[in-house]
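Read top to bottom, the protein sequences are chains D and R.
Note that full-length UniProt numbering has the first sequence beginning at 1, numbered continuously upward.
Note that full-length UniProt numbering has the second sequence beginning at 1, numbered continuously upward.
Ideal Cβ positions, reconstructed from N, Cα and C, are used throughout, including at glycine.
Nothing here was measured: the structure is a model prediction, and the numbers come from that model.
Protein chains: 2
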Amino acid sequence: MSGRSEQIAATICEAILGHRLKPGAKLGERDLADIFQVSRIVIRQALIRLAEDGLVTVERNRGAFVAKPSLAEAIEVFETLTMVEQGVIAQLGNRPRMSLLTELRANIERQKAALGQGNEQLAGEFGLEFHDLLVSLTRNRVLIELHAQLKRRARLLESLYRCDFDHCQLCDEHEHLVALFDRRQWAKAQQLLDDHYRLVARGYRIEDDVVAPQPLHLAFNQPVPEKPADLSARGKKAAIAARYRPNGKSSHRIKGEA
Amino acid sequence: MSGRSEQIAATICEAILGHRLKPGAKLGERDLADIFQVSRIVIRQALIRLAEDGLVTVERNRGAFVAKPSLAEAIEVFETLTMVEQGVIAQLGNRPRMSLLTELRANIERQKAALGQGNEQLAGEFGLEFHDLLVSLTRNRVLIELHAQLKRRARLLESLYRCDFDHCQLCDEHEHLVALFDRRQWAKAQQLLDDHYRLVARGYRIEDDVVAPQPLHLAFNQPVPEKPADLSARGKKAAIAARYRPNGKSSHRIKGEA
DNA sequence: CCAAATAGATTGATATCCAATCCTGCTTCT
DNA sequence: AGAAGCAGGATTGGATATCAATCTATTTGG
Chain D
1 MSGRSEQIAA TICEAILGHR LKPGAKLGER DLADIFQVSR IVIRQALIRL AEDGLVTVER
61 NRGAFVAKPS LAEAIEVFET LTMVEQGVIA QLGNRPRMSL LTELRANIER QKAALGQGNE
121 QLAGEFGLEF HDLLVSLTRN RVLIELHAQL KRRARLLESL YRCDFDHCQL CDEHEHLVAL
181 FDRRQWAKAQ QLLDDHYRLV ARGYRIEDDV VAPQPLHLAF NQPVPEKPAD LSARGKKAAI
241 AARYRPNGKS SHRIKGEA
Chain R
1 MSGRSEQIAA TICEAILGHR LKPGAKLGER DLADIFQVSR IVIRQALIRL AEDGLVTVER
61 NRGAFVAKPS LAEAIEVFET LTMVEQGVIA QLGNRPRMSL LTELRANIER QKAALGQGNE
121 QLAGEFGLEF HDLLVSLTRN RVLIELHAQL KRRARLLESL YRCDFDHCQL CDEHEHLVAL
181 FDRRQWAKAQ QLLDDHYRLV ARGYRIEDDV VAPQPLHLAF NQPVPEKPAD LSARGKKAAI
241 AARYRPNGKS SHRIKGEA
């Protein structure tokens, strides 16, 4: 809507969350300015927004990079997600909106269906959506935005630490959780949620993070400029990265308006 | 440290949290640029940071204002604080760090001492610190930063809705809370925390919010520019602009929404 | 007295320029 | 030859000037 830098921040955010930009990737102001056809200042404003959101780190006089959280920080993100949702459960105890549990059940059915079709990708999406629904039960927009931010940071971790989920067990635990809600066993539900997130965290494996410099154009579905990019220094791996993921889903327009 | 816009954002943040800038106050780019002796761009970057933090709102083509949360949003902030800390309590149950409860007790003693001297101001500070300590028990920096952000928004509310706390009861509840921790009655502690924050929220009273335009210089302890000595450095426009608004133009309400 | 037109001020954004810093490659010295 | 150090290029951080769009407020006109 308002503000070019906001749009650009959103676009870069999508690229990061879509794993088209990997942690550690350099986000050069000049490059991005060329890609988005705006001035460097707009880019810097976008990077500031992303830095405030925790998806980008800006090092003075060195530039902006996609955030590359340490394993310790990754754990902290999951613990924080755990605590926030445990707090939601505590509130559910105070003001039970049991009618809304049907939404959770519907989500579980969708996830089961996806699992039945062997579509783990889709099942994973529904798995994330379950937690969104849980938080949205509070109808607290402040909390929902906070949770969304934490989720973004968690999705960033997916591309840093390889994930290997046991979707079946995760789905079962969701079901168990709803059952506990139904029986108003909030303390047990909180404990289960904790175990649940520990299971999620165990799905992550440390991966050697040799982040090859990526041509930013690919991340934004830009046509690679005609002139061959200077691959002198680290170009060997750039070429590999170039073939790695030549396209990604994108429904945004990149230049021009109207 | 590094980054002028970061420093300036911090300074403006202090002014807002210190209630020297009131909700709804206009933060004009040119005015702030003159005050901090930087270009508008740096100011805008600072405002973007503050907007991401939730302390200012930026309206397109209208400018930046100190955020003026609605009563509904105020409630949401307190509910979110409640839930986050309830989540902390749930984690305390998993990994009890009972030794650290001594810090909480020490804080309570300090608050009692302040109350004994009738220093409600100081008691209020300790009351806030209690919740900081509670969160810091997790040693989770992600959560601590999140909590700090929520606290900032809560302090912003103080200047919008007049607060009138029953510090004695609040302190008693802190003590009760620690006792429940000691007895590992986590569910009860969560319930008490909820009541506690409801008591805090009840301390706020709606106040007619006719925010008169404030001379920003006062908020930053800047000498009011009586002499245009810095005319050479910043050009004539700055001096002219500074002279154009000495103080008492017309006391219109700068932002009305009804 | 109310409404339209207009002038002023502010924001959003660009381009250009400059200083400080970092990185890289080259030179030089041992 | 290898390491230390220096110079130059590249990048960031920031300043200034300028322009279009929009909002505000005043003035003008019916």
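Would the stretch 161 to 176 of chain R count as touching the stretch 83 to 95 of chain R if we require 3 or more Cβ pairs under 8 Å?
no
So Ser5 of chain D packs on Gln45 of chain D, CB below 8 Å; how close in whole Å?
In the first sequence, residue 5 of chain D corresponds to position 5, counting from 1. In the first sequence, residue 45 of chain D corresponds to position 45, counting from 1. Indeed, because the Cβ distance is near 4 Å, the residues count as touching under 8 Å.
Just the C-alpha distance for Gln117 of chain D and Ala123 of chain D, rounded to the nearest angstrom, thanks.
Here residue 117 of chain D is taken as the residue at index 117 of the first sequence, counted from 1. Here residue 123 of chain D is taken as the residue at index 123 of the first sequence, counted from 1. Near 9 Å, if we compare the C-alpha coordinates of Ala123 of chain D and Gln117 of chain D.
Under 7 Å Cβ-Cβ, which residues of chain R neighbour Leu146 of chain D?
Position 146 of the first sequence, counting from 1, holds the residue named residue 146 of chain D. Correct list: Thr80 and Leu146.
Out of D:Gly28, D:Gln185 and D:Ile75, point me to the one whose CA is closest to Arg60 of chain D's CA.
For the purposes of this step, residue 60 of chain D is taken as the residue at position 60 of the first sequence. With distances taken between Cα atoms, Arg60 of chain D lies closest to D:Gly28.
Run the CB neighbour count on Thr102 of chain D, radius 10 Å, all protein chains shown included, and call it buried at 16 or more, exposed below.
Position 102 of the first sequence, counted from the start, is the residue given in the question as residue 102 of chain D. Counting Cβ neighbours within 10 Å, Thr102 of chain D comes out exposed, since fewer than 16 surround it.
So, does the stretch 169 to 179 of chain R touch the stretch 67 to 87 of chain R, judging by three or more C-beta pairs under 8 Å?
Flag = no, the stretch 169 to 179 of chain R and the stretch 67 to 87 of chain R do not touch.
Could you spell out the range, first to last residue, of the beta strand (DSSP E) harbouring Ala64 of chain R?
Here the question's residue 64 of chain R lines up with position 64 in the second sequence. Its beta strand (DSSP E) spans residues Gly63 to Val66.
Cα separation between Arg49 of chain R and Leu55 of chain R?
Here residue 49 of chain R refers to the residue found at position 49 of the second sequence. Here residue 55 of chain R refers to the residue found at position 55 of the second sequence. Distance between the alpha carbons of Arg49 of chain R and Leu55 of chain R is about 9 Å.
Quick one: what does DSSP say Val38 of chain D is sitting in, helix, strand or coil?
Here residue 38 of chain D refers to the residue found at position 38 when the first sequence is read from its first residue. Val38 of chain D falls in the coil class under three-state DSSP.
Using only the alpha-carbon positions, how far apart do Gly235 of chain D and Gly63 of chain D sit?
Within the first sequence, residue 235 of chain D is the residue found at index 235, counting from 1. Within the first sequence, residue 63 of chain D is the residue found at index 63, counting from 1. Reliability fails at Gly235 of chain D, whose pLDDT of 35 lies under 50, so the model's placement of it is uncertain and the value that follows must be treated cautiously. Between Gly235 of chain D and Gly63 of chain D, the C-alpha separation is close to 20 Å.
Run through DSSP, which three-state label would Ala139 of chain D get?
Within the first sequence, residue 139 of chain D is the residue found at index 139, counting from 1. The question names Ala, but residue 139 of chain D is Arg in the sequence shown. Judged by DSSP in its simplified three-state form, Arg139 of chain D adopts coil rather than helix or strand.
If you drop the 5 nearest sequence neighbours on each side, which residues of the same chain put their C-beta closer than 7 Å to that of Ser136 of chain D?
Counting from 1 along the first sequence, the entry for residue 136 of chain D is found at position 136. Cβ neighbours of Ser136 of chain D beyond the five flanking positions: Ile144.
Could you tell me if Ala113 of chain R is buried or exposed, where buried requires 16 or more neighbouring beta carbons within 10 angstroms of its beta carbon?
As a working mapping, residue 113 of chain R is identified with position 113 in the second sequence. Ala113 of chain R should be labelled exposed.
Are Ile16 of chain R and Phe220 of chain R close, meaning C-beta to C-beta below 8 Å?
What you label residue 16 of chain R is simply residue 16 of the second sequence in a count that begins at 1. What you label residue 220 of chain R is simply residue 220 of the second sequence in a count that begins at 1. In this structure, Phe220 of chain R does not lie closer than 8 Å to Ile16 of chain R by Cβ.
Every unbroken beta strand (DSSP E) inside the stretch 79 to 139 of chain R [3 residues or more]:
none
Of the residues R:Ala187, R:Arg105 and R:Ile41, which one's Cα is nearest the Cα of Arg184 of chain D?
Locating residue 184 of chain D in the first sequence gives position 184, where the first residue counts as 1. Out of R:Ala187, R:Arg105 and R:Ile41, R:Ala187 has the C-alpha closest to the C-alpha of Arg184 of chain D.
Of the residues R:Asn107, R:Leu133 and R:Ser70, the one placed nearest Asp172 of chain R, counting alpha carbons only:
Start at 1 with the first residue of the second sequence, and residue 172 of chain R comes out as number 172. Residue R:Asn107 is the option with its Cα nearest to Asp172 of chain R.
So, for Arg105 of chain D: in the same chain, excluding its five sequence neighbours on each side, which residues have a beta-carbon less than 8 Å away from its beta-carbon?
As a working note, residue 105 of chain D is residue 105 in the first sequence. Counting only Cβ-Cβ distances below 8 Å, and skipping sequence neighbours, we find Val178.
Between which two residues does the alpha helix (DSSP H) carrying Lys195 of chain R extend?
Here residue 195 of chain R is taken as the residue at index 195 of the second sequence, counted from 1. Before going on, a small fix: residue 195 of chain R reads as Asp here, not Lys. Looking at the DSSP string, the run of the alpha helix (DSSP H) that includes Asp195 of chain R is Trp186 to Arg202.
Among the candidates D:Leu150, D:Leu146, D:Arg152 and D:Ala25, whose CA atom is the shortest distance from the CA of Leu150 of chain R?
For the purposes of this step, residue 150 of chain R is identified with residue 150 of the second sequence, where counting begins at 1. Comparing Cα positions, the closest option is D:Leu146.
For Leu55 of chain R, three-class secondary structure by DSSP
Counting from 1 along the second sequence, the entry for residue 55 of chain R is found at position 55. Note: Leu55 of chain R maps to coil in three-state DSSP.
What residues match up with Leu27 of chain R in a beta bridge as DSSP calls it?
Taking the second sequence and counting its residues from 1, the one referred to as residue 27 of chain R is at position 27. The partner list for Leu27 of chain R (beta bridge, DSSP) reads R:Ala64.
I want to verify the contact list: residues of chain D whose CB lies under 9 Å from the CB of Gly63 of chain R, in sequence order.
Taking the first residue of the second sequence as 1, we reach residue 63 of chain R at position 63. In chain order: nothing, as chain D lies at least about 12 Å away.
Distance cutoff 8 Å, beta carbons only. Does Ala15 of chain D sit that close to anything in chain R?
Translated into the one-based positions of the first sequence, residue 15 of chain D becomes position 15. False, the Cβ-Cβ gap to chain R never drops below 8 Å.
Go ahead and label Arg20 of chain D buried or exposed: buried means 16 or more other beta carbons lie within 10 angstroms of its beta carbon, across all protein chains shown.
Counting from 1 along the first sequence, the entry for residue 20 of chain D is found at position 20. With 16 or more other Cβ atoms from the protein chains shown falling within 10 Å of its own Cβ, Arg20 of chain D counts as buried.
What number of angstroms, rounded off, separates the C-alpha of Arg205 of chain D from the C-alpha of Lys26 of chain R?
The residue given as residue 205 of chain D occupies position 205 in the first sequence. The residue given as residue 26 of chain R occupies position 26 in the second sequence. So the two alpha carbons sit approximately 49 Å from each other.
Can you tell which of R:His196, R:Gln191, R:Leu218 and R:Asp195 has the C-alpha that lies nearest to the C-alpha of Ala90 of chain D?
Mapped onto the first sequence, residue 90 of chain D falls at position 90. Ala90 of chain D has its Cα closest to that of R:Gln191, out of R:His196, R:Gln191, R:Leu218 and R:Asp195.
Out of D:Gly18, D:Pro23, D:Asp31 and D:Ile8, point me to the one whose CA is closest to Pro215 of chain D's CA.
Taking the first sequence and counting its residues from 1, one reaches residue 215 of chain D at position 215. Looking at the Cα atoms, D:Asp31 is the closest of the given residues.
What is the DSSP secondary structure of Arg162 of chain D, reduced to helix, strand or coil?
Start at 1 with the first residue of the first sequence, and residue 162 of chain D comes out as number 162. Three-state DSSP puts Arg162 of chain D in a strand.
Would you report the Cα separation of Gly203 of chain R and Gln169 of chain R, rounded to the nearest angstrom?
Position 203 of the second sequence, counting from 1, holds the residue named residue 203 of chain R. Position 169 of the second sequence, counting from 1, holds the residue named residue 169 of chain R. The alpha-carbon atoms of Gly203 of chain R and Gln169 of chain R are separated by roughly 12 Å.
Give the interface partners of Asp194 of chain R over in chain D, defined as CB-CB distance under 8 Å, in chain order.
As a first step, residue 194 of chain R is located in the second sequence; it is residue number 194 there, counting from the start. Simply Ala90, Gln91 and Asn94.
Determine, using beta carbons only, whether Leu143 of chain R comes closer than 8 Å to chain D.
One-based indexing of the second sequence puts residue 143 of chain R at position 143. For Leu143 of chain R, the answer is yes, since a Cβ of chain D falls inside 8 Å of its Cβ.
Quick check on Ser232 of chain D: buried or exposed, where buried means 16 or more other Cβ atoms within 10 Å of its Cβ?
As a first step, residue 232 of chain D must be located in the first sequence, where it is residue number 232. Low confidence applies to Ser232 of chain D: its pLDDT is 37, below 50, so where it sits in the model is not reliable, and the reading given next is rough at best. It is exposed - the Cβ of Ser232 of chain D has fewer than 16 other Cβ atoms within 10 Å.
With H, G and I counted as helix, E and B as strand and the rest as coil, what does DSSP make of Arg20 of chain R?
Numbered from 1 along the second sequence, position 20 holds the residue referred to as residue 20 of chain R. Collapsing the DSSP output to three states places Arg20 of chain R in coil.
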